[in-house]
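Visitor: Residue numbers (this note's numbering), protein chains in the order written: chain A, 16 to 306; chain B, -8 to 379; chain C, 945 to 1260. Quick one: structure below, then a few questions.
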Amino acid sequence: MSSQLVQFLFSGLTVGAMYALAALGYALIYNASHLVNFAQGEFIMLGAMVASVMVEARLPLPVAIAAGIAAATATGVLMERLAIRPARGAPHITLLIITLGVALVIRGAVQVVLGKGNHGLPPFSGEAPVHFAGATLSSQSLWVFGVTIAIVLLLAWYFGRTRSGKAMLATSHNALAARLVGIDTQWVLMGSFAMSGALGAIGGVLVAPITFTSYDAGVVLGVKGFAAAALGGLGSGPGAIVGGLLLGVLEALTAGYLSAAYKDVVAYLAILLVFIFLPRGLFGGQRTDRV
Amino acid sequence: MNSSLIRIAAVSAGLMLSLAAPVPAAAQAAPPIRIGAVLSTTGPVGFIGDPQLKVLELYVKRINEQGGLIGRKLELVAYDDQSDPNNANTFAKRLIDSDKVDMMIGGTISPTALAMAPHAERAGLPYISTGGSAALVEPVKKWVFKTPPTDRLVAERILQDMKDKGIARIGLLSETSGFGQSGRKEVQGSAQKYGITVAADESYGAKDTDVTPQLTKIRSTPGLQAVLVFSGAGPAPAMALRNYTQLGMKLPVWMPHAAVNQELIKLAGSAAEGARMPTAAFVVVDALPDSDSSKAVGKAFYQTYKDVYKTDASPFGANTYDALMIAVDAIKRAGSTDKAKVRDAIEHTQGLIGLNGTFRMSADDHNGLKMDSLRMVEVRDGRFTVGK
Amino acid sequence: MNRSRSRAGVAILAAVLLVFPLLGPGAYAYDLVIRISMSAVVVIGLNLLFGYTGQISLGHAAFYGLGAYASAILTTHFAWPALAAMAAGAAATGLLALAVSRPILKLSGHHLAMGTLALGLIASTVFNNETRWTGGSDGMPVPPLAMFGAELAGEFAWYVLTSLLLLVVVVAALNLVDSPAGRALQAIRGSETAARVAGIETARFKSRVFVLSAVLASVMGSLAAHYVAFITPGAAGLARSVEFLMMVVFGGMASVFGSIVGAAFVTLLPQFLHAFESWETLVLGLILTAAMIFMPGGIVPTLRGALARRRKEAAR
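What follows is the structure, given as structure tokens:
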């Protein structure tokens, strides 16, 4: 039943692209600061929620999307300024809990201001499904793929060719050295939070037509995004993409061929197995420590 | 040397003291009738519990404005369990031991409702629950009653409707939540009675973002005539319907009563057209003939809710409305708040027209609803209309 | 922590626990204190793993849930006596922890967090899906705790049990920390490589602490199941794991008494925040974030540090 397999793969890749975008957000911030930002899922949710509420208020879709991205970017910057910067030098786990606290703040704020209901966005180019190789895809999935690829290319260009991008990379390799050559690592950190916010919001807006959103939609995405990022090797951009897609496809194949109820279990078992043989994730590489 | 530890101990002692401060005991003469409620007004099912609480507050106030009950005022003591059965359990204890309520209502979802039941049984307190699981009243527990139709009733109503339409082979997609699992069990158990075979049996999680794999498997099962998506409330059923249309599946779709809410139509859009679900009469009150016994109660409910809260009442509020009305009716008949007398009175509820239907309770039936309380509705032109 | 301090701390704890019932608390107050004590024991174990050896566990509730479900299933479906079920649960949990500890503890930092998170999520999914045994997402009722022929019923009896348990665990933990083994643990936290160079078998130690904290969590899970008389998959879920972690970080890492304070704080806070209704999540998040920014080491170490500074200034 190869058309069934194609269908499963398409579903998996669509969901996987979602996870990949979330994972990229994790990778960005981890690169700049070795911090895992557990509020990443909330950035995704925020972008989607703000955009859908605007659409429900009869604003045109492009305006709503821009508003969503702006909201999440601003939140990222605020988070860095108000919650992360004051706590520089705190033990790592404290910073982690701070990100959890901020996640609660964002979730709580959305709950109060925008309510507890579920919201969606209209599909960007209509509802008609696309047929391909015996399987169907929603047209929105094509948007998800397309924009994800565009973002990956954009980020590759940014980190490879622009000064600020290279500054970010330099900071991730060695913050002290970067500062010594004149890179403002504070700006790098703030920039990475802003970018993560924007990236999250783009992801949220892209998938809201498919999966809908609500004030607590960020929890699952946060976990899956982290899982994908860790699978790929934290801090690795390509790893995040591969991790996300792999996770999505694994889930879909398990749901299709084994048991839908256990698709999460299989995915997480697979992650554990990868960790046993590659403790730093797929693209994590070997680590050398100063003793 | 040890001052820091002493400090800490003092803080913790202070904390404990603040807890131990005795709660003022209720006055002894002509005290208000205390009705305790534990609902999930926040958390994943906050959108169900919130309207439930609003309904209770509204009608308790109204009853008091109209003179109260058996010469006493009603007092509502409500807690939010945040969709967590552990909290529901704690609050049930608090209601019984600290607040000394005369009866309990609540349990927005089955786990929270089930968590409260043992305390009602132990303390000998009438408890009218608003959870859907049949386990609340099967086997019958002395002090526990429930207002929503059981999942079995819902399943059978759907199967009956399918049979009426000549369906004999179906695919089943159920949610892994308690409600979905319970529904699946009931459908599997009763299908044969209606001459229906469940040829495909898939499940999905309430938080899943895609069910095309499961639907693909259902689609490739031969000879299906219909699909039953036993979903809870939330975004998942809307998503399932969209995936369904995306895959080009055209078989008729049935869903349970939990899917009857505006959000489904808002999110699923045109994908919801033609779906059929059972529901309580009051949900489609405008389409009911005037001779229908439920029409008056339903209309009054909607009007009152709208007057006070300025929005349309959500169907979920019906469960607490019915629970409160049953309680009020029973206390009136018992003439007191004596727990055993009230319990007996509840058990003898006959022909009370609630929003969920007409309640006829007995010693072996602590729910009191029959199939006639559920009407079939169909989504047509983006609205729920009475199905033919 | 030096010996006399520890002794004083234990004495104060015992005094507080003794005095509490004399204040005439209601069942509700007892309930909160009992839950705090049970969480505190889990957190002390988690703190040993985490605060002292620096191993992040984001899935600890899985062990808690395993104990809870073992007790629930064995007593309900197989009519085992409660203590035997608890022991079986603890043994199974210990074995599982042992089996996964070696590969998992080789991971570092965030990959370890992900590994333990994966474990926790696998556990709660299994509990959720095996409806026949676990009652699925609706949960299942648990019979009361029966020991030596008598049923443990009533808030006071449970209070005595959990208070005694807490005292025992506190004393044991303090002794452990102060022993050569404890110093080995602290060395590992300081620098694992250095510890290995100094001759400490780090893998063995980490593994042992992991198993110990898992078993503690399992036993408390069993007790909690009997106490609440009901168990749901949420008991093993992510939210619960994060809650335990918060208790560690809030109260103070590497501090036994900090564990108790953290447990008390995180358990009591939602009760007080109830008044905020739908603002509760927001306010909780704000309090948590602010607390961590201003008290990065946790409440107890920060207080201790502040007092030490004041003493130093007074001495000048």
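We put the CB at the ideal spot given by N, CA and C, even for glycine.
If you follow the beta strand (DSSP E) that B:V377 is part of, which residue opens it and which one closes it?
Guide: In the second sequence, residue 377 of chain B corresponds to position 386, counting from 1. Bounds of the beta strand (DSSP E) holding B:V377 are 374 to 377.
Visitor: Return the CA-CA distance between A:R96 and C:I1231, expressed in angstroms with no decimal places.
Guide: Numbered from its first residue, the first sequence carries residue 96 of chain A at position 81. Numbered from its first residue, the third sequence carries residue 1231 of chain C at position 287. Spanning the two alpha carbons is a distance of roughly 17 angstroms.
Visitor: Answer with buried or exposed for B:D71, where buried requires no fewer than 16 other C-beta atoms within 10 angstroms of its C-beta.
Guide: As a working note, residue 71 of chain B is residue 80 in the second sequence. So B:D71 ends up on the buried side.
Visitor: Spatial neighbours of A:L184 within its chain, please: C-beta separation below 6 angstroms, excluding the five flanking residues on both sides.
Guide: Stepping through the first sequence from its first residue, residue 184 of chain A is reached at position 169. Within the same chain, A:L184 has close Cβ partners F174.
Visitor: How would you call B:P247, buried or exposed, if buried means at least 16 neighbouring beta carbons within 10 angstroms?
Guide: Taking the first residue of the second sequence as 1, we reach residue 247 of chain B at position 256. Looking at its Cβ environment, which holds 16 or more other Cβ atoms inside 10 Å, B:P247 is buried.
Visitor: Can C:A984 and C:G1011 be called in contact, C-beta distance under 8 angstroms?
Guide: Taking the third sequence and counting its residues from 1, the one referred to as residue 984 of chain C is at position 40. Taking the third sequence and counting its residues from 1, the one referred to as residue 1011 of chain C is at position 67. It is not a contact, given that the beta carbons lie outside the stated cut-off.
Visitor: How would you call B:H110, buried or exposed, if buried means at least 16 neighbouring beta carbons within 10 angstroms?
Guide: Position 119 of the second sequence, counted from the start, is the residue given in the question as residue 110 of chain B. A residue is called buried once 16 or more other Cβ atoms fall within 10 Å of its Cβ, and B:H110 is buried on that count.
Visitor: Are A:S211 and A:N46 close, meaning C-beta to C-beta below 8 angstroms?
Guide: Here residue 211 of chain A refers to the residue found at position 196 of the first sequence. Here residue 46 of chain A refers to the residue found at position 31 of the first sequence. Cβ distance not < 8 angstroms, so A:S211 and A:N46 don't count as in contact.
Visitor: So, do the region 341 to 357 of chain B and the region 145 to 156 of chain B have three or more beta carbon pairs nearer to each other than 8 angstroms?
Guide: no
Visitor: Rounded to whole angstroms, what's the CA-CA distance from B:E193 to C:A1125? Just pull it up for me.
Guide: Counted from its first residue, the second sequence places residue 193 of chain B at position 202. Counted from its first residue, the third sequence places residue 1125 of chain C at position 181. Going by the C-alpha atoms only, they are around 52 angstroms apart.
Visitor: Please report the distance separating the alpha-carbon of B:V189 from that of B:A146.
Guide: On the second sequence, position 198 is the one that residue 189 of chain B refers to. On the second sequence, position 155 is the one that residue 146 of chain B refers to. Going from the Cα of B:V189 to the Cα of B:A146 covers about 13 angstroms.
Visitor: Taking C-beta to C-beta, are A:D269 and A:S156 nearer than 8 angstroms?
Guide: Residue numbering aside, residue 269 of chain A sits at position 254 when the first sequence is read from its first letter. Residue numbering aside, residue 156 of chain A sits at position 141 when the first sequence is read from its first letter. This sequence places Thr at residue 269 of chain A; Asp is not what is there. Their beta carbons are not under 8 angstroms apart, which means A:T269 does not touch A:S156 by this criterion.
Visitor: Below 7 angstroms on C-beta distance, what does C:S1222 contact in chain A?
Guide: As a first step, residue 1222 of chain C is located in the third sequence; it is residue number 278 there, counting from the start. Chain A residues near C:S1222: Q126, V127.
Visitor: By DSSP, does A:H49 sit in helix, in strand, or in coil?
Guide: The sequence position of residue 49 of chain A within the first sequence is 34, counting from 1. Shown here, A:H49 sits in coil according to DSSP, grouped into three states, outside any helix or strand.
Visitor: Can you confirm whether C:F1100, when its beta carbon is compared against all beta carbons of chain B, has any partner nearer than 8 angstroms?
Guide: Here residue 1100 of chain C corresponds to residue number 156 of the third sequence, with the count starting at 1. Chain B contact via Cβ: absent.
Visitor: Touch check for the region 990 to 1001 of chain C and the region 1056 to 1070 of chain C: three-plus C-beta pairs under 8 angstroms?
Guide: yes
Visitor: Anything in the region 182 to 201 of chain B with a Cβ closer than 9 angstroms to a Cβ of chain A? List those residues in chain order, please.
Guide: E193, S194, Y195, G196, K198, D199, T200, D201
Visitor: For B:G169, would you say it is in contact with chain C, using Cβ-to-Cβ distances shorter than 8 angstroms as the test?
Guide: Locating residue 169 of chain B in the second sequence gives position 178, where the first residue counts as 1. With 8 angstroms as the cut-off, B:G169 counts as an interface residue toward chain C.
Visitor: The beta strand (DSSP E) that contains B:I96, what's its start and end?
Guide: As a first step, residue 96 of chain B must be located in the second sequence, where it is residue number 105. Segment 94 to 97, the beta strand (DSSP E) holding B:I96.
Visitor: Between the Cα of B:R380 and those of B:K176, B:G260, B:T270, B:T349, spot the shortest distance and give me the residue it belongs to.
Guide: As shown, chain B starts at -8 and ends at 379. That puts residue 380 of chain B outside it, with no answer to give.
Visitor: Let me check understanding here. Comparing Cα to Cα, which of B:Q253, B:P280, B:I344 lies closest to B:V288?
Guide: Position 297 of the second sequence holds residue 288 of chain B. With distances taken between Cα atoms, B:V288 lies closest to B:I344.
Visitor: Between B:A18 and chain C, is the shortest Cβ-Cβ distance under 8 angstroms, so that the two count as touching?
Guide: Translated into the one-based positions of the second sequence, residue 18 of chain B becomes position 27. Reliability fails at B:A18, whose pLDDT of 44 lies under 50, so the model's placement of it is uncertain and no value is given.
Visitor: Determine, for A:Y34, whether the minimum Cβ-Cβ distance to residues of chain C falls below 8 angstroms.
Guide: As a first step, residue 34 of chain A must be located in the first sequence, where it is residue number 19. So no, A:Y34 is outside the interface.
Visitor: Quick one: what's got a C-beta closer than 7 angstroms to C:P1085's C-beta in the same chain, skipping five residues either side?
Guide: Indexing the third sequence from 1 puts residue 1085 of chain C at position 141. Cβ neighbours of C:P1085 beyond the five flanking positions: A1173, F1174.
Visitor: Say whether chain A places a C-beta atom closer than 8 angstroms to the C-beta of B:A229.
Guide: Taking the second sequence and counting its residues from 1, one reaches residue 229 of chain B at position 238. Taking Cβ atoms only, chain A reaches closer than 8 angstroms to B:A229, which makes this a yes.
Visitor: Using only alpha-carbon positions, find the residue among A:A98, A:A54, A:A63, A:E57 that is nearest to A:I225.
Guide: Taking the first residue of the first sequence as 1, we reach residue 225 of chain A at position 210. For A:I225, the nearest C-alpha among the options comes from A:A63.
Visitor: Can you find at least 3 beta carbon pairs, one from the region 101 to 108 of chain B and one from the region 318 to 338 of chain B, that sit closer than 8 angstroms?
Guide: Put simply, the region 101 to 108 of chain B does not touch the region 318 to 338 of chain B. Fewer than three CB pairs are less than 8 angstroms apart.
Visitor: Can you give the beta carbon distance from A:V203 to A:V159, rounded, assuming they're within the 8 angstroms contact cut?
Guide: Taking the first residue of the first sequence as 1, we reach residue 203 of chain A at position 188. Taking the first residue of the first sequence as 1, we reach residue 159 of chain A at position 144. With 8 angstroms as the limit, A:V203 and A:V159 do not qualify as a contact, their Cβ atoms being about 29 angstroms apart.
Visitor: Please classify B:R366: does DSSP put it in a helix, a strand, or coil?
Guide: The residue you call residue 366 of chain B lines up with position 375 of the second sequence. Correct three-state label for B:R366: strand.
Visitor: Would you say B:Q205 lies against chain C (beta-carbon separation less than 8 angstroms)?
Guide: Counting from 1 along the second sequence, the entry for residue 205 of chain B is found at position 214. False, the Cβ-Cβ gap to chain C never drops below 8 angstroms.
Visitor: Going straight from the alpha carbon of B:V274 to that of B:F170, what length do you get?
Guide: On the second sequence, residue 274 of chain B is found 283 positions in, with the first residue counted as 1. On the second sequence, residue 170 of chain B is found 179 positions in, with the first residue counted as 1. Their Cα atoms are separated by approximately 20 angstroms.
Visitor: Please identify the residue among C:E1099, C:G970, C:L990 whose C-alpha is closest to the C-alpha of C:A1207.
Guide: Reading the third sequence from its first residue, position 263 is the one you call residue 1207 of chain C. Checked all of C:E1099, C:G970, C:L990; the closest Cα to C:A1207 is C:L990.
Visitor: Which residue's Cα is closest to the Cα of C:V1300: C:V1104, C:L1118, C:S1135?
Guide: Residue numbering for chain C in the displayed model covers 945 to 1260; residue 1300 of chain C lies beyond these limits and cannot be assessed.
Visitor: For B:D380, list the residues DSSP reports as bridge partners.
Guide: Outside the modelled stretch of chain B, which goes from -8 to 379, sits residue 380 of chain B, for which no answer is possible.
Visitor: B:Q237 versus chain A: which residues are under 7 angstroms apart at the beta carbon?
Guide: Start at 1 with the first residue of the second sequence, and residue 237 of chain B comes out as number 246. What B:Q237 touches in chain A: P144, T151, S153.
Visitor: Using beta-carbon positions only, say whether B:S364 and B:A271 come within less than 8 angstroms of one another.
Guide: As a position in the second sequence, residue 364 of chain B is number 373, starting the count at 1. As a position in the second sequence, residue 271 of chain B is number 280, starting the count at 1. Yes, the pair counts as a contact, with Cβ atoms nearer than the cut-off.
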